[in-house]
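Have a look at the structure below, then the notes.
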Amino acid sequence: MKYLLIFAIALASCTGSGNSNNEESERIDDDTVNATVHNGTVQKSYCFIRTEGADQQDTTTVKLIINADKVEGEMNWIPKEKDSRKGVLVGTITGDEIAAVWRYMQEGMNDSMAVAFKFAPDQLAQKPLKVNTSTGVQETDERADYTLLYTPVGCDD
Numbered sequence: 000m001k002y003l004l005i006f007a008i009a010l011a012s013c014t015g016s017g018n019s020n021n022e023e024s025e026r027i028d029d030d031t032v033n034a035t036v037h038n039g040t041v042q043k044s045y046c047f048i049r050t051e052g053a054d055q056q057d058t059t060t061v062k063l064i065i066n067a068d069k070v071e072g073e074m075n076w077i078p079k080e081k082d083s084r085k086g087v088l089v090g091t092i093t094g095d096e097i098a099a100v101w102r103y104m105q106e107g108m109n110d111s112m113a114v115a116f117k118f119a120p121d122q123l124a125q126k127p128l129k130v131n132t133s134t135g136v137q138e139t140d141e142r143a144d145y146t147l148l149y150t151p152v153g154c155d156d
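Numbered continuously in numbering that gives the first Met the number 0, the sequence shown closes out at residue 156.
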């Protein structure tokens, strides 16, 4: 009988009410929710267009989605009577400068190149491309200024 009483007391002490664990768990959950809500970043989209050529028939469009220091988007170069380059941009923004990689398809082949932009909501400027004489491949002219200017347009989201 003595052992049964000790066992019953031990069993009762192990069950407990469990309230302290649930309250702590709820408090942590509330803290996590509040931190997520108050530290959330706002994602913003910007769209730009550039036309060039004798009759402004060659078009490049850029859509940027900026979320904190991350940049994603699309870039499409569509020249008249030539093969286009259409693809995605992934990069970062520091201050007003965007460094990104443009992964595109041209003539059924996938390729990529680094591109550099200077961003403002009312204008986008890009460093021009040049042909690397050693490889014959087009690349961003890092020594050039941001001379290719894009005009803002509405995004079709």
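Ideal Cβ placement from N, Cα and C applies to all residues, glycine included.
Item: Relative to the alpha-carbon of GLN164, which residue among VAL61, THR93, ASP54, ASN66 has its alpha-carbon at the smallest distance?; Value: As shown, the chain starts at 0 and ends at 156. That puts residue 164 outside it, with no answer to give.
Item: Here's the rule: buried if 16 or more other CB atoms are within 10 angstroms of the residue's CB, otherwise exposed. What is THR59?; Value: buried
Item: Would you report the Cα separation of LEU147 and GLY135, rounded to the nearest angstrom?; Value: 22 Å
Item: Would you kindly work out how many angstroms separate the C-alpha atoms of GLU141 and SER83, rounded to a whole number?; Value: 23 Å
Item: Just list the residues that DSSP pairs GLU51 with in beta bridges.; Value: ASP57
Item: Would you mind sorting MET108 into buried or exposed? The rule is 16 or more other CB atoms within 10 Å of its CB.; Value: exposed
Item: Can you tell me where the beta strand (DSSP E) with GLY72 in it begins and where it stops?; Value: 69-77
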